[in-house]
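This report refers to the structure that appears directly beneath it.
Number of protein chains: 2
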Amino acid sequence: MLISPAPAPHALGHQMMIEYYGCDADILNDPVRMEQIFLNAARTSGAHVISSHFHRFQPQGVSGIVVIAESHFAVHAWPEYGYAAVDIFTCGKTIDFQTAEETMRREMASKRHVVIGEFDRGLIPPETVE
Amino acid sequence: MLISPAPAPHALGHQMMIEYYGCDADILNDPVRMEQIFLNAARTSGAHVISSHFHRFQPQGVSGIVVIAESHFAVHAWPEYGYAAVDIFTCGKTIDFQTAEETMRREMASKRHVVIGEFDRGLIPPETVE
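Residue numbers (this note's numbering), protein chains in the order written: chain G, 40 to 169; chain S, 40 to 169.
Here is the structure:
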């Protein structure tokens, strides 16, 4: 007898967390350049940008958010360690994560990156999906 | 013979991902109320708010970011499912995650929440910590 599996729950969102090590410190410490990089990564991945907010800390460090119609890109960069923490959070199926990841990696000149987590967010029983 | 363990690497950041189900749909769909809730959660947790950016989608849904000196709070809410995806990303040791979590849960009237992930971000060898 074959038993039909229960239908998989529907995920409303998807999130990827990436560690970028060995980046160019001057790039990580430049909020204008970082904003260009993340806007470019968002747009080339197919996201629709709503707004972006980048902030430089003293004596160093940059935090930035790109709000997209499909959720957000976030980055927190420690130039003194050549390290940037990145999150991509999306809803829908239209964002090209790989293009986004490669764009950020190339433009921050990261020598080593690790995808430390990938999550489905908002698991909704399939019968409730509108 | 006792072998000394290697010193633990130092984490630059810490991230917590929380799923809030069974929330009040009217609250989740109100960007002004949601901004107040997340500003309140950030402040009562000890964070220093730099800016906040909340956006309402059509026909429904709210996305919001609170940029804090210690990194960010992010929320993406689907009122039609009573669901909100929350991320808290911090650096330093000063943020009270529990107070933040309880504030958001209470103010969104969530009936069920799940911490689906907690991560140290930016693992730096201890000898390089400045």
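All C-beta atoms, glycine included, are put in the ideal place defined by N, C-alpha and C.
Computed from a prediction, not measured in an experiment: that's the story for all the values here.
8 angstroms Cβ cutoff, residue i in contact with chain S
i: Asp135(G); result: no
i: His152(G); result: no
i: Pro51(G); result: According to the sequence shown, residue 51(G) is Leu rather than Pro. Leu51(G) counts as touching chain S.
i: Gly156(G); result: yes
i: Arg160(G); result: yes
i: Asp126(G); result: yes
i: Met56(G); result: yes
Presumed contact (8 angstroms Cβ cut-off) between residue i and residue j, rounded CB distance
i: Ala64(S); j: Pro118(S); result: 4 angstroms
i: Arg144(S); j: His152(S); result: 6 angstroms
i: Ile89(S); j: Val106(S); result: 5 angstroms
i: Ile134(G); j: Glu157(G); result: So it is not a contact: roughly 13 angstroms between Cβ atoms.
i: Met55(G); j: Ile163(G); result: Actually they do not touch by this definition, with Cβ atoms about 20 angstroms apart.
Bridge-paired residues (DSSP) for residue i
i: Asp159(G); result: His53(G)
i: Phe136(G); result: Per DSSP, none; premise fails for Phe136(G).
i: Ala81(G); result: According to DSSP, which records beta bridges pairwise, Ala81(G) is partnered with nothing at all.
i: Asp126(G); result: Met56(G) and Ala113(G)
i: Ile107(G); result: Val88(G) and Ser110(G)
i: Ser102(S); result: His94(S) and His115(S)
i: Arg173(G); result: Missing from the structure shown is residue 173(G); chain G here goes from 40 to 169 and no further.
Beta-carbon proximity of residue i to residue j, cut-off 8 angstroms
i: Thr83(G); j: Thr138(G); result: yes
i: Met147(S); j: Ala113(S); result: no
i: His111(G); j: Ser102(G); result: no
i: Gly161(S); j: Glu140(G); result: no
i: Gly121(G); j: Gly61(G); result: yes
i: His92(S); j: His92(G); result: yes
i: Thr142(S); j: Ala80(S); result: yes
i: Ile186(G); j: Ile104(S); result: Any answer about residue 186(G) is impossible in this case: the structure gives chain G only from 40 up to 169.
i: His53(S); j: Asp159(S); result: yes
Residue i at chain G interface by Cβ criterion, 8 angstroms
i: Ile163(S); result: yes
i: Cys62(S); result: no
i: Ser149(S); result: no
i: Ile89(S); result: yes
i: Asp69(S); result: no
i: Ser102(S); result: yes
**Message:** Using a Cβ-Cβ cutoff of 7 angstroms, what residues of the segment 106-123 of chain G are near chain S? List them in chain order.
**Reply:** Val106, Ser110, His111, Ala113, His115, Trp117, Glu119, Tyr120 and Tyr122
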